[in-house]
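There are 6 protein chains.
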Amino acid sequence: MADSRLLFLNENSRTFAGFNRPASPFVIVGLPMDTTSSFRPGSRFAPSVIRDTAQYIEFYSIRSGVDMGEIGFNDVGDVVLHPSNNEENVRRISEVVSYFAEKGKVVVGIGGEHTVTIGTTRGIRPDCLVSVDAHLDLRDDYMGYKYDHACVMRRISEYGVKIIEIGTRAVSREEIEYANEKGISYFTPKQVRLLGVREVAQKIITALKECNKVYITYDMDGIDPSYAPGVATPEPEGLDPTTVLDIMSLIIDKRVIGFDVVEVSPPFDPSGVTSVLAAKIILETASMVWKARQQS
Amino acid sequence: MADSRLLFLNENSRTFAGFNRPASPFVIVGLPMDTTSSFRPGSRFAPSVIRDTAQYIEFYSIRSGVDMGEIGFNDVGDVVLHPSNNEENVRRISEVVSYFAEKGKVVVGIGGEHTVTIGTTRGIRPDCLVSVDAHLDLRDDYMGYKYDHACVMRRISEYGVKIIEIGTRAVSREEIEYANEKGISYFTPKQVRLLGVREVAQKIITALKECNKVYITYDMDGIDPSYAPGVATPEPEGLDPTTVLDIMSLIIDKRVIGFDVVEVSPPFDPSGVTSVLAAKIILETASMVWKARQQS
Amino acid sequence: MADSRLLFLNENSRTFAGFNRPASPFVIVGLPMDTTSSFRPGSRFAPSVIRDTAQYIEFYSIRSGVDMGEIGFNDVGDVVLHPSNNEENVRRISEVVSYFAEKGKVVVGIGGEHTVTIGTTRGIRPDCLVSVDAHLDLRDDYMGYKYDHACVMRRISEYGVKIIEIGTRAVSREEIEYANEKGISYFTPKQVRLLGVREVAQKIITALKECNKVYITYDMDGIDPSYAPGVATPEPEGLDPTTVLDIMSLIIDKRVIGFDVVEVSPPFDPSGVTSVLAAKIILETASMVWKARQQS
Amino acid sequence: MADSRLLFLNENSRTFAGFNRPASPFVIVGLPMDTTSSFRPGSRFAPSVIRDTAQYIEFYSIRSGVDMGEIGFNDVGDVVLHPSNNEENVRRISEVVSYFAEKGKVVVGIGGEHTVTIGTTRGIRPDCLVSVDAHLDLRDDYMGYKYDHACVMRRISEYGVKIIEIGTRAVSREEIEYANEKGISYFTPKQVRLLGVREVAQKIITALKECNKVYITYDMDGIDPSYAPGVATPEPEGLDPTTVLDIMSLIIDKRVIGFDVVEVSPPFDPSGVTSVLAAKIILETASMVWKARQQS
Amino acid sequence: MADSRLLFLNENSRTFAGFNRPASPFVIVGLPMDTTSSFRPGSRFAPSVIRDTAQYIEFYSIRSGVDMGEIGFNDVGDVVLHPSNNEENVRRISEVVSYFAEKGKVVVGIGGEHTVTIGTTRGIRPDCLVSVDAHLDLRDDYMGYKYDHACVMRRISEYGVKIIEIGTRAVSREEIEYANEKGISYFTPKQVRLLGVREVAQKIITALKECNKVYITYDMDGIDPSYAPGVATPEPEGLDPTTVLDIMSLIIDKRVIGFDVVEVSPPFDPSGVTSVLAAKIILETASMVWKARQQS
Amino acid sequence: MADSRLLFLNENSRTFAGFNRPASPFVIVGLPMDTTSSFRPGSRFAPSVIRDTAQYIEFYSIRSGVDMGEIGFNDVGDVVLHPSNNEENVRRISEVVSYFAEKGKVVVGIGGEHTVTIGTTRGIRPDCLVSVDAHLDLRDDYMGYKYDHACVMRRISEYGVKIIEIGTRAVSREEIEYANEKGISYFTPKQVRLLGVREVAQKIITALKECNKVYITYDMDGIDPSYAPGVATPEPEGLDPTTVLDIMSLIIDKRVIGFDVVEVSPPFDPSGVTSVLAAKIILETASMVWKARQQS
Ligand SMILES: [Mn+2]
Ligand SMILES: [Mn+2]
Ligand SMILES: [Mn+2]
Ligand SMILES: [Mn+2]
Ligand SMILES: [Mn+2]
Ligand SMILES: [Mn+2]
Ligand SMILES: [Mn+2]
Ligand SMILES: [Mn+2]
Ligand SMILES: [Mn+2]
Ligand SMILES: [Mn+2]
Ligand SMILES: [Mn+2]
Ligand SMILES: [Mn+2]
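So the protein sequences, as listed, match chains P, Z, X, V, R and D.
The first sequence begins at 256 in the numbering used here and counts up one residue at a time.
The second sequence begins at 256 in the numbering used here and counts up one residue at a time.
The third sequence begins at 256 in the numbering used here and counts up one residue at a time.
The fourth sequence begins at 256 in the numbering used here and counts up one residue at a time.
The fifth sequence begins at 256 in the numbering used here and counts up one residue at a time.
The sixth sequence begins at 256 in the numbering used here and counts up one residue at a time.
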């Protein structure tokens with residue numbers, strides 16, 4: 256891999272569930288950055304812990320009928336990050352990811368804080384993004400800083416990506432106003448409960464109609480803390496994993512060109528179930544993407 | 256604050272979410288007492304931990320449309336407690352709380368074990384009380400002792416307060432008989448599921464019709480342990496937080512003159528989600544009370 | 256107790272909830288074996304922790320109206336296990352358990368890994384078994400080894416016991432094929448949600464029609480990790496405890512001659528709620544068995 | 256055991272290292288009281304944890320050449336304590352302990368907070384006491400309360416017991432003045448280092464010359480926190496265990512009629528080494544007492 | 256406090272041991288920055304945890320005979336830090352600290368990572384610095400970054416401060432060469448053991464002869480991990496606390512105008528003893544400085 | 256690597272401190288076996304945790320003046336172990352290790368329980384062995400089982416290896432008698448303190464005079480629990496790491512052909528310092544062996 260963009264790729268890490276299949280369409284990239292986590296740091300450890308945890312999960316998905324053990328993953332390692340320059344880190348992530356995107360791979364990012372998604376989307380260049388998140392992440396800046404986990408969707412929105420958010424429940428008035436103004440749609444857990452999985456999925460499918468390349472980002476705090484306690488900013492009254500995955504199984508099609516799982520904080524996950532769930536979400540989402548590609 | 260009742264108020268503590276607004280209608284009082292916790296002590300640490308945790312939660316409530324960040328709280332500190340004389344402690348709590356109640360403030364107690372509610376209600380003098388709790392707390396005494404967390408509702412009932420309990424599921428036969436005899440109504444989680452939020456709320460509204468001053472107490476073990484693992488006596492098959500808060504949003508009106516959140520035990524909450532939920536319940540309940548007062 | 260089968264019974268352990276009633280129909284046996292736990296060992300500590308935890312739970316069951324405090328348990332201690340010979344351990348468990356089964360006792364096993372159930376069923380000789388489990392445990396061998404927790408139901412199936420599984424969601428294709436071939440029925444959480452408690456119970460009752468002796472095994476990973484984080488192999492998207500117990504309350508009758516609770520791993524249960532739930536499941540199940548026996 | 260003093264003895268606990276030898280001269284009594292622990296509660300769990308831990312330690316003492324496995328212990332259970340009345344608890348402990356003292360047994364108390372030693376000494380009635388402790392525990396009262404862990408030696412001193420303290424380093428001026436006034440000698444870790452084991456022992460032997468019955472109390476915070484992190488009030492710059500035990504091996508003779516180990520707080524001992532050390536100190540001290548009795 | 260330099264001072268934090276004495280010569284400043292901690296983040300929580308812990312320690316110092324309870328501290332709060340711009344943070348710390356230094360106060364910084372010392376020294380402007388540290392911190396840059404905890408002493412050295420290091424044992428060849436070249440003297444734990452406390456102190460006193468203003472920095476990893484496990488980068492074979500404090504008691508005189516304690520990481524200090532030791536070091540050092548000022 | 260002995264080598268693991276230098280004379284092999292750990296299992300996780308931890312330690316050794324960063328390690332992965340057949344596991348370890356020993360490599364084993372040393376020594380065939388251990392491990396069998404961590408030295412002694420033990424303090428009388436009978440010398444911590452590092456080293460050098468191939472095994476419980484709390488069976492009154500390494504630096508010469516570090520149990524090492532120390536011991540020992548080889 257002589258491309259200069261790979262200079263910041265440290266291949267020397269344990270691989271996701273022990274997989275090492277260069278031919279797999281799924282490229283795993285670790286993004287161990289947690290500089291701006293104001294409350295509970297530690298998401299830098301998540302890529303390593305989620306990779307280990309994944310090896311104890313069954314690879315066969317009942318939901319999609321796909322055995323990911325047959326397809327496997329190509330885990331290319333972690334992006335080497337600067338200790339405190341986030342703008343530089345976003346750039347590095349973007350560079351590394353663009354290399355694999357250009358090769359036609361489905362990039363699977365494992366964060367790290369949500370800020371990494373500014374980098375992955377800049378590298379992959381989707382035109383639409385579906386975000387599972389308790390927060391809108393639409394602040395213009397956070398304490399004067401623009402590359403913060405609270406500003407992720409604002410930054411991505413600014414370079415023209417259409418955004419749809421699910422699980423929204425911890426917001427400021429300013430974010431709601433910005434979302435309304437820019438046509439960013441969001442679904443609170445209450446709305447998801449009232450509408451049901453099918454109707455929510457239908458609304459998202461409609462919103463994605465015009466899109467050519469779709470990216471999915473799972474901020475694990477979108478899930479309820481009972482299922483995902485080990486996140487940087489747990490927020491009560493969230494979604495359950497089955498609802499999230501059932502919605503995804505209805506909206507994922509061959510246009511999905513990448514996804515990530517972010518904000519898991521292993522030091523606050525002493526029972527380990529948040530990492531297990533993150534690994535499961537990666538396996539299930541990959542199996543859906545695979546199935547969608549086979550069917551098309 | 257020269258009133259002699261404030262002698263036992265230690266103002267030297269961190270404030271709830273960093274708020275320090277003397278003019279706020281909401282007065283936060285820490286009640287760090289856990290003397291009688293027979294199983295898992297540590298609720299003495301809850302006032303401090305919940306105050307810290309609260310600063311990472313959004314202050315805007317989607318449920319009530321109120322931004323508590325604009326209203327704020329007046330955190331007056333902790334009641335200084337005797338190391339082992341609970342009757343004395345109940346007296347101290349009662350004294351401190353009565354001072355703020357007389358000033359027309361909505362008192363928000365952060366326990367500590369449930370026994371503190373004997374003190375807050377004695378200081379505030381509500382005529383009705385709604386309790387979220389896995390237990391009835393209607394024992395006459397516990398191992399010969401009358402000021403125990405298992406006897407709280409019995410003591411409060413004895414000085415004429417009407418009691419309604421939600422989330423009941425761990426009871427003795429004697430407590431059920433006492434409840435029936437005294438007309439104390441309770442709703443098991445099973446009943447809540449069968450009746451639904453609206454019908455439960457309607458029944459409580461009817462029961463509260465005659466009341467002039469209503470107090471709400473959240474024993475966090477009323478919530479299911481999946482959402483609130485860090486409590487002194489976790490009890491399976493409980494309520495989920497959304498159900499509890501949705502019921503409250505229907506029953507809260509301007510008669511609510513105080514509430515508390517008790518029984519969080521931080522040493523048994525390694526992921527911190529129980530404290531996050533406790534902080535959230537305080538914010539949501541305060542926003543409902545505020546909204547109710549504005550509308551009247 | 257001079258029977259030679261009791262040579263491997265170490266009576267020197269704390270008793271379940273402090274009970275010590277030789278006359279009780281319920282015999283508690285600790286099975287502290289966790290040799291084959293590939294992911295998260297520690298279930299060897301579960302018998303001790305669950306026994307302690309049980310003393311803080313109310314003994315009265317609202318579900319069945321039975322007060323287990325009046326009936327009690329006869330906790331006979333732990334089976335002394337060989338440090339690494341699992342086949343020998345299965346034999347020891349079988350011996351000890353057969354002694355009490357012959358005396359007409361309802362044996363209540365507290366694991367330990369699921370492999371102990373090969374021993375308890377060999378000792379008790381049921382003709383039918385209901386298993387709550389995320390996994391089918393139908394592998395022929397695991398890394399060449401036949402007495403592994405991943406092979407439990409395969410071994411039991413091989414000596415002619417009819418098996419019904421609930422909560423199934425982490426499976427391999429081979430296990431599904433084996434289940435179909437041998438007529439082993441299983442219910443995924445999705446199916447349980449779609450059919451509802453009553454219809455699932457009805458299907459199981461039909462399947463059990465021909466049975467004379469029924470054994471129930473609760474692999475705690477059948478329950479969702481939000482309720483039972485502290486298990487050896489947590490698997491997302493599981494059942495909630497109320498659903499499991501409600502199904503059990505419909506299918507349990509006087510033919511139930513034993514049950515066990517396995518796979519709790521206290522080192523991965525820092526909030527302790529998994530042990531609380533295990534103790535609760537034992538109390539509720541025993542109360543249902545008692546009620547069924549009274550009614551017949 | 257029909258003596259009315261044993262009413263408050265709960266025999267239903269796990270035994271120390273699994274020992275159950277009624278004929279042993281050593282009687283283990285659990286004293287799970289931690290009501291007044293102002294900083295880090297949890298010593299109530301210590302009797303149970305130390306008993307379990309003890310079974311993994313070799314019973315043979317290289318120091319004294321005695322195999323405690325041959326002598327064993329008679330673990331009679333825990334004293335049942337009132338949830339918040341410490342004066343009553345001190346009375347109960349005193350009653351239970353006096354029963355065994357009268358039978359000529361060497362009482363080995365496992366605390367619990369240091370306050371339990373007021374009870375054990377009241378029951379055993381030594382005329383001299385050697386205390387290993389970071390603190391002097393000579394306060395007259397603590398926040399108005401006289402039965403507090405900070406007042407233990409003051410109370411014991413008041414009914415005429417001669418007191419010698421080792422490990423002293425966290426003191427108030429008032430305590431030093433009281434000690435000087437009453438002739439209570441103490442050795443700081445610095446003095447122990449300067450004098451050496453032999454000279455310290457010699458000074459204590461001289462001080463004990465007039466004594467008929469000697470009691471030893473190990474407040475585990477006397478040991479340095481590097482060896483004993485899991486205590487209620489860790490205090491840097493303490494003694495190492497070998498120094499403490501070497502001093503004891505020189506001063507223990509047949510006049511020792513009881514000893515205790517207190518202030519271990521298992522929730523703050525996640526690595527478990529404090530409980531291991533407490534168990535070791537019990538075994539070593541018992542072996543020294545046994546040896547002294549054999550030699551006399 | 257209208258000085259513009261105090262804009263970044265957040266006064267809303269709990270105070271050190273509950274002290275609030277504006278007149279005290281000792282000003283406590285919290286510096287919760289841990290951006291560059293490559294291994295084990297979490298020192299951002301240390302100011303808060305150490306402040307709380309301090310209230311359970313005796314204020315009387317046997318070593319210096321001073322009762323810090325009579326002198327007290329003026330805890331002015333935390334410096335508000337930028338989430339990821341370290342150079343800006345160093346500037347903010349420098350500004351805040353310079354305000355109090357100009358008022359003649361002894362500044363006591365509680366870190367945070369060691370990088371904060373670049374800021375405190377820039378604000379206080381000592382001409383000499385004594386550092387307790389396992390590392391030399393003399394790297395020119397770390398991964399291209401100059402404001403890293405591995406470069407602290409290099410930066411401070413660059414603006415002309417004379418540096419003496421104690422506890423050195425984890426070094427690179429380049430750092431040793433730089434130290435030799437620049438005349439930065441250091442003492443390994445082995446050298447300290449060989450020379451003894453007095454001789455080491457004498458050498459430092461000689462080296463400090465020419466100094467007018469002396470600053471002391473305690474990187475807690477200078478202490479052995481047995482005493483201070485909860486640090487960002489534990490390094491075996493360190494100094495014990497008594498040796499460090501005994502050296503300090505010999506070298507501290509009235510020229511000491513500030514000191515700090517850094518690199519405590521509470522998430523890796525589950526037993527809490529590292530925070531206890533940090534609080535103790537602050538109390539002991541302050542008592543020595545006080546005594547030195549009284550004597551002069 | 257086509258040799259059939261490598262069939263059981265799983266190369267897919269993270270490497271020690273990130274090193275991957277096939278040409279290095281040091282071959283790291285992970286031995287994640289903890290089947291017979293009776294007290295505190297979890298050493299199976301140690302190879303992985305120690306490898307990760309090692310990357311945060313300086314590679315330059317002040318003690319030997321060697322920079323291991325220049326020499327590096329060849330981490331070949333973990334031996335794949337049978338879940339419960341220890342005899343088979345000992346065979347597998349022996350096979351894998353013999354391959355590298357024959358190639359002239361210095362084998363560095365990372366356990367796992369001490370039983371792995373039966374395998375490594377069988378593969379490497381030293382004629383002498385130096386063991387740091389709290390225990391003699393000279394039992395003939397443990398509960399009828401011969402391949403247990405309590406029998407390691409007995410097994411190795413049986414095939415003619417000369418054994419010297421350091422740190423001995425938890426023994427049975429039978430083991431002492433066996434040691435005396437077979438001429439196995441051992442040094443208790445007390446003896447090490449009395450004799451001093453030099454004299455102990457001299458005695459060992461004399462004992463090793465006749466040896467051609469020397470193996471060193473560090474059972475981490477040989478070190479005092481204050482330095483190494485996270486071990487399977489912590490035993491008070493142990494050696495400090497500097498004493499152990501200073502002795503080793505005197506006795507290591509070019510005859511050392513392998514060493515291992517065993518019995519670290521990460522689940523009982525919440526502060527991580529035991530893993531840090533294990534990594535340090537590997538680095539220091541390797542640097543001594545390297546230096547010895549250079550000098551010869
Ligand atoms: Mn986000
Ligand atoms: Mn979020
Ligand atoms: Mn209650
Ligand atoms: Mn309750
Ligand atoms: Mn199973
Ligand atoms: Mn299972
Ligand atoms: Mn004491
Ligand atoms: Mn003490
Ligand atoms: Mn440093
Ligand atoms: Mn350092
Ligand atoms: Mn060993
Ligand atoms: Mn050992």
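Beta carbons are placed, not taken as given, at the ideal position from N, Cα and C, and that holds for glycine.
query: Where the alpha helix (DSSP H) through residue 490 of chain D begins and ends; result: It is not in any alpha helix (DSSP H) - residue 490 of chain D carries neither H nor E in the DSSP assignment.
query: Rounded distance between the beta-carbons of residue 391 of chain X and residue 434 of chain X, thought under 8 Å; result: 6 Å
query: Contact test: residue 390 of chain V Cβ vs ligand 7 heavy atom, cutoff 6 Å; result: yes
query: Delimiting residues of the alpha helix (DSSP H) encompassing residue 500 of chain P; result: 496-506
query: Contact test: residue 524 of chain V Cβ vs ligand 8 heavy atom, cutoff 6 Å; result: no
query: Three-way DSSP call (helix, strand, coil) for residue 390 of chain P in this model; result: strand
query: Cβ-based neighbour list, residue 523 of chain R, same chain, cut-off 6 Å, excluding 5 preceding and 5 following; result: 295 and 485
query: heavy atom of ligand 2 below 6 Å from residue 307 of chain V C-beta; result: no
query: Residue 403 of chain D beta carbon near ligand 5 (any heavy atom closer than 6 Å); result: no
query: Residue from V:545, V:510 and V:406 whose Cα sits closest to the Cα of residue 281 of chain V; result: V:545
query: Contact with chain P by residue 294 of chain X, beta-carbon distance below 7 Å; result: yes
query: 7 Å Cβ cutoff, residue 532 of chain P in contact with chain X; result: yes
query: Residue 474 of chain X Cβ short of 6 Å to ligand 5 heavy atom set; result: yes
query: Boundaries of the beta strand (DSSP E) in which residue 417 of chain D is found, first to last residue; result: 417-421
query: Euclidean distance between Cα positions of residue 479 of chain R and residue 541 of chain R; result: 22 Å
query: Own chain residues within Cβ distance below 6 Å of residue 329 of chain X, not counting five before or after; result: 276, 277, 279 and 282
query: Exposure label - residue 467 of chain P; buried when at least 16 CB within 10 Å; result: exposed
query: Any non-hydrogen atom of ligand 7 within 6 Å of residue 369 of chain V CB; result: yes
query: Own chain, CB closer than 6 Å to residue 256 of chain V, minus 5 neighbours either side, in chain order; result: Note on residue 256 of chain V: pLDDT 47, under 50, position unreliable in the model; no value is reported.
query: Buried or exposed (CB count within 10 angstroms, at least 16 for buried), residue 420 of chain D; result: buried
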